[in-house]
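Undergrad:
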Amino acid sequence: MNTLYGNAVVGQSGGPTSAINATLSGVVRGVLQNHGQNIAKLYGMRNGIEGLLREDFVDLSVFFGGSAEKLRLLEQTPAAALGSCRMRLPEPAGDPALYERLIAVFRRYQIRYFFYIGGNDSMDTVAKLTDYLRTSDYEMRVIGIPKTIDNDLVVTDHSPGFGSAAKYIAVTMQEILRDCAVYRVPAVTIVELMGRDAGWLTAASALGRLTGGAEPDFVYLPERPFDPDQFLSDVRVALKRHPNVVVAVSEGVRFPNGRYVGEGGQSGATDVFGHTYLAGVGKVLENAVRQAIGCKVRSIELSLPQRCGAHMASATDLRESVAIGKAAVRFACRGGSGEMMTFCRESDEPYRIRIGHIPASEIANRNRTVDLSWINERGNQVTDRCCAYLLPLIEGEVKPVFRQGIPVHLII
Numbered sequence: 022m023n024t025l026y027g028n029a030v031v032g033q034s035g036g037p038t039s040a041i042n043a044t045l046s047g048v049v050r051g052v053l054q055n056h057g058q059n060i061a062k063l064y065g066m067r068n069g070i071e072g073l074l075r076e077d078f079v080d081l082s083v084f085f086g087g088s089a090e091k092l093r094l095l096e097q098t099p100a101a102a103l104g105s106c107r108m109r110l111p112e113p114a115g116d117p118a119l120y121e122r123l124i125a126v127f128r129r130y131q132i133r134y135f136f137y138i139g140g141n142d143s144m145d146t147v148a149k150l151t152d153y154l155r156t157s158d159y160e161m162r163v164i165g166i167p168k169t170i171d172n173d174l175v176v177t178d179h180s181p182g183f184g185s186a187a188k189y190i191a192v193t194m195q196e197i198l199r200d201c202a203v204y205r206v207p208a209v210t211i212v213e214l215m216g217r218d219a220g221w222l223t224a225a226s227a228l229g230r231l232t233g234g235a236e237p238d239f240v241y242l243p244e245r246p247f248d249p250d251q252f253l254s255d256v257r258v259a260l261k262r263h264p265n266v267v268v269a270v271s272e273g274v275r276f277p278n279g280r281y282v283g284e285g286g287q288s289g290a291t292d293v294f295g296h297t298y299l300a301g302v303g304k305v306l307e308n309a310v311r312q313a314i315g316c317k318v319r320s321i322e323l324s325l326p327q328r329c330g331a332h333m334a335s336a337t338d339l340r341e342s343v344a345i346g347k348a349a350v351r352f353a354c355r356g357g358s359g360e361m362m363t364f365c366r367e368s369d370e371p372y373r374i375r376i377g378h379i380p381a382s383e384i385a386n387r388n389r390t391v392d393l394s395w396i397n398e399r400g401n402q403v404t405d406r407c408c409a410y411l412l413p414l415i416e417g418e419v420k421p422v423f424r425q426g427i428p429v430h431l432i433i
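Numbering (this note's numbering), first residue to last: 22 to 433.
#1: Compare the Cα-Cα distances from Val267 to each of Cys201, Ile314, Glu322 and report the closest residue.
#2: Should the segment 334–341 be called in touch with the segment 37–56, which here means at least 3 C-beta pairs below 8 Å?
#3: Once you ignore the five residues that flank Leu94 on each side, which residues in its own chain have a CB closer than 8 Å to its CB?
#4: Distance check for Arg280 and Phe127, CA to CA, integer angstroms please.
#5: Run the CB neighbour count on His378, radius 10 Å, all protein chains shown included, and call it buried at 16 or more, exposed below.
#6: With DSSP as the reference, please indicate the residues paired to Gln33 in a beta bridge.
#7: Pairing CB atoms from the segment 223–235 with CB atoms from the segment 192–207, are three or more of them under 8 Å?
#8: What are the boundary residues of the beta strand (DSSP E) that includes Pro380?
#9: Less than 6 Å between C-beta atoms, sequence neighbours within five positions excluded: which residues of the same chain meet that for Gly139?
#10: Beta-carbon within less than 6 Å of Arg50's beta-carbon, same chain only, minus the 5 sequence neighbours each way: which residues are those?
#11: My understanding is that Leu242 touches Arg389, with C-beta atoms under 8 Å, so please give their C-beta distance in whole angstroms.
#12: For Arg399, tell me which candidate among Met361, Ile427, Gln251 has the shortest Cα-Cα distance.
#13: Cβ of Lys149 within 7 Å of Cβ of Leu110?
#14: So what does DSSP say about Glu322, is it helix, strand or coil?
#15: Out of Asn172, Asn308, Leu306, Ile374, state which residue places its alpha-carbon closest to the alpha-carbon of Ile384.
#16: Please look up how many angstroms separate the CB atoms of Ser358 and Arg162, rounded, as I've assumed it's under 8 Å.
#17: In angstroms, rounded to a whole number, what distance separates the CA positions of Leu123 and Lys62?
#18: Would you call the CB atoms of Gly234 and Ser271 closer than 7 Å?
#19: Near Glu370, what residues of its chain come up, given a Cβ to Cβ distance below 7 Å and the 5 sequence neighbours on each side ignored?
#20: Do Phe78 and Met66 come within 7 Å of each other at the CB atom, strictly closer than that value?
#21: What are the complete beta strand (DSSP E) segments, minimum 3 residues, inside the segment 170–235?
#22: Between the alpha carbons of Gln58 and Tyr26, how many angstroms are there, rounded?
#23: State the start and end residues of the unbroken alpha helix (DSSP H) segment that holds Pro246.
#24: Would you identify the three-state DSSP class for Ser271, choosing helix, strand or coil?
#25: Using only CA atoms, which one of Cys316, Glu71, Asp218, Arg155 lies nearest to Arg205?
#26: For Ile132, which option in Ile164, Val30, Phe183 has the closest C-alpha, if you only look at C-alpha atoms?
#27: Using CA coordinates, which residue listed in Ala191, Ile211, Gly115 is at the minimum distance from Leu222?
#28: Asn278: buried (16+ other C-beta within 10 angstroms of its C-beta) or exposed?
#29: Within 7 Å (strictly less), CB to CB, does Arg319 reach chain B?
#30: DSSP state of Phe276, grouped into three classes?
#31: Using three-state DSSP, classify Pro117 as helix, strand or coil.
#32: Can you round the beta-carbon distance between Ile166 and Ile345 to whole angstroms, since I take them to be within the 8 Å contact cut?
#33: I'd like the ranges of any alpha helix (DSSP H) spanning at least 4 consecutive residues and lying wholly in the segment 28–94.
#34: Answer yes or no: do Cys106 and Glu76 have a C-beta to C-beta separation smaller than 7 Å?
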């Protein structure tokens, strides 16, 4: 592949995480390490592809200027420092004028490298842009870099952002379990966790089992149909064993007919990708326990904090997130394009991964779910094998820089 020289642009898309900015730092570091051999300047597009169309850029080369301190602060900053979007690109054949607008922007800013940090839908953008470029006379390289707390991207062993969210959930669940254990009054606590179609986050609630801690009595994932009668039976049995029952449940659990249990808690509206807005499964189950069993019951929805609890970030997650961003730049400068970077697990003990890549078209619009063999026969708990897969991803602590008791966040 011939050497391609020009500028680069990087953007973030989809839901925020505790590690997406560490990946952005990795891209910045990768460009700095390139020493201008392929990339002269790195732009950041605000709000993803929407910002690209608006030509809303920030010159990251100038902003960071090689500042190690700024990059360090960026890596401990949660959410998406460049902003995000949920814009779906049409098929190239359906709206070629839109793609010509994109190419015109690339030409105007001499952009030859495009890095997009995001999840499933973001890889759809990478795949479509790659397809269109095959018909264009403008040469550039397009790379997807994974990001999702849901861990639902196929092929890659795991996704940047998931380990920190899983750590937050595992730690928070330990605190909830300790809190609930102090009373002898029969009570049920239902903890609702994110995960529309994949139960990885909810599975992380059981990690205390391997660390000498406690675990929820039951863990319900969307991979198995949710039977409300069995759920109530499970709770009754557990209450006979001890008075403080704790349940972890994914927001995406479904009845056997395929309908989301929590669907009734929202308007039924969908986002631009056709995803139903979900929430309320905890409250639905709380009301079911109250009516059928009559004991004290409450539901807790961890909601947004599980995405961006950067004070509880996984050191492994942040380290890998920086590494995959740097690797994406190296790969593109060597001629790679149209691919998403991946993690390949080579060993569990000791934990070891290598960074690879696969065509983004093989990632887009597919979901990786928890292996059914990692869920017990009754469908109300995960196995030790599942926990063993998860544990290395949450290991290691990061000491953030604090100012007057509050972590310092970098604003771009």
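Just so it is clear, CB atoms sit at the ideal spot from N, CA and C, and this is done for glycine as well.
TA: Taking the definition as stated:
#1: Within the sequence shown, the letter at position 246 stands for residue 267. It is Cys201.
#2: The segment 334–341 and the segment 37–56 touch, with no fewer than 3 CB-CB distances between them shorter than 8 Å.
#3: In the sequence shown, counting from the first residue as 1, residue 94 sits at position 73. Excluding positions up to five away in sequence, the list reads Val422, Val429, His430, Leu431.
#4: As a first step, residue 127 must be located in the sequence shown, where it is residue number 106. As a first step, residue 280 must be located in the sequence shown, where it is residue number 259. About 44 Å.
#5: Sequence index remark: in the sequence shown, residue 378 carries index 357 (1-based). With 16 or more Cβ atoms within 10 Å of its Cβ, His378 is classed as buried.
#6: Numbered from its first residue, the sequence shown carries residue 33 at position 12. Answer is Ile138.
#7: The answer is yes - the segment 192–207 touches the segment 223–235, with three or more Cβ pairs under 8 Å.
#8: As a working mapping, residue 380 is identified with position 359 in the sequence shown. Note, Pro380: beta strand (DSSP E), 372–380.
#9: Walking along the sequence shown from the start, residue 139 turns up at place 118. Excluding positions up to five away in sequence, the list reads Ser34, Gly35, Lys168.
#10: Here residue 50 refers to the residue found at position 29 of the sequence shown. For Arg50, where only same-chain residues beyond five positions count, the Cβ hits under 6 Å are Lys347.
#11: Taking the sequence shown and counting its residues from 1, the one referred to as residue 242 is at position 221. Taking the sequence shown and counting its residues from 1, the one referred to as residue 389 is at position 368. No, Leu242 and Arg389 are not in contact; Cβ-Cβ is about 13 Å, not under 8 Å.
#12: For the purposes of this step, residue 399 is taken as the residue at position 378 of the sequence shown. For Arg399, the nearest C-alpha among the options comes from Gln251.
#13: As a position in the sequence shown, residue 149 is number 128, starting the count at 1. As a position in the sequence shown, residue 110 is number 89, starting the count at 1. With respect to the 7 Å criterion, Lys149 and Leu110 are classified as neighbours on the basis of their beta carbons.
#14: Position 301 of the sequence shown holds residue 322. Reduced to three states, the DSSP call for Glu322 is strand.
#15: Counted from its first residue, the sequence shown places residue 384 at position 363. Minimum Cα distance to Ile384 is reached at Asn172.
#16: Stepping through the sequence shown from its first residue, residue 358 is reached at position 337. Stepping through the sequence shown from its first residue, residue 162 is reached at position 141. Correct: roughly 4 Å between the Cβ atoms.
#17: In the sequence shown, residue 123 corresponds to position 102, counting from 1. In the sequence shown, residue 62 corresponds to position 41, counting from 1. Roughly 18 Å between the two C-alpha positions.
#18: Counted from its first residue, the sequence shown places residue 234 at position 213. Counted from its first residue, the sequence shown places residue 271 at position 250. The answer is no: Cβ separation not under 7 Å.
#19: Mapped onto the sequence shown, residue 370 falls at position 349. So the list is empty, once near-sequence residues are dropped.
#20: Position 45 of the sequence shown holds residue 66. Position 57 of the sequence shown holds residue 78. Contact: yes.
#21: Runs of the beta strand (DSSP E) inside the segment 170–235: 208–214.
#22: Working through the sequence shown from its first residue, we reach residue 58 at position 37. Working through the sequence shown from its first residue, we reach residue 26 at position 5. Gln58 and Tyr26: Cα-Cα distance of roughly 7 Å.
#23: As a position in the sequence shown, residue 246 is number 225, starting the count at 1. Here Pro246 belongs to no alpha helix (DSSP H), and DSSP marks it neither H nor E.
#24: Along the sequence shown, one-based indexing puts residue 271 at 250. Strand.
#25: As a first step, residue 205 is located in the sequence shown; it is residue number 184 there, counting from the start. With respect to the C-alpha of Arg205, the residue from Cys316, Glu71, Asp218, Arg155 having the closest C-alpha is Cys316.
#26: The count along the sequence shown starts at 1 and reaches residue 132 at position 111. The candidate whose alpha carbon is nearest that of Ile132 is Val30.
#27: The residue labelled residue 222 in the question sits at position 201 within the sequence shown. Nearest option by C-alpha distance: Ala191.
#28: Here residue 278 is taken as the residue at index 257 of the sequence shown, counted from 1. Exposed: under 16 other Cβ atoms inside 10 Å.
#29: Looking for chain B here will not work: only one protein chain is present.
#30: Indexing the sequence shown from 1 puts residue 276 at position 255. Three-state result, Phe276: coil.
#31: What you label residue 117 is simply residue 96 of the sequence shown in a count that begins at 1. Helix at Pro117.
#32: Taking the sequence shown and counting its residues from 1, one reaches residue 166 at position 145. Taking the sequence shown and counting its residues from 1, one reaches residue 345 at position 324. With a Cβ gap of about 6 Å, Ile166 and Ile345 count as contacting.
#33: 41–55, 69–75, 81–85
#34: For this step, residue 106 is matched to residue 85 along the sequence shown. For this step, residue 76 is matched to residue 55 along the sequence shown. No; because the gap between Cβ atoms is not below 7 Å, this pair is not in contact.
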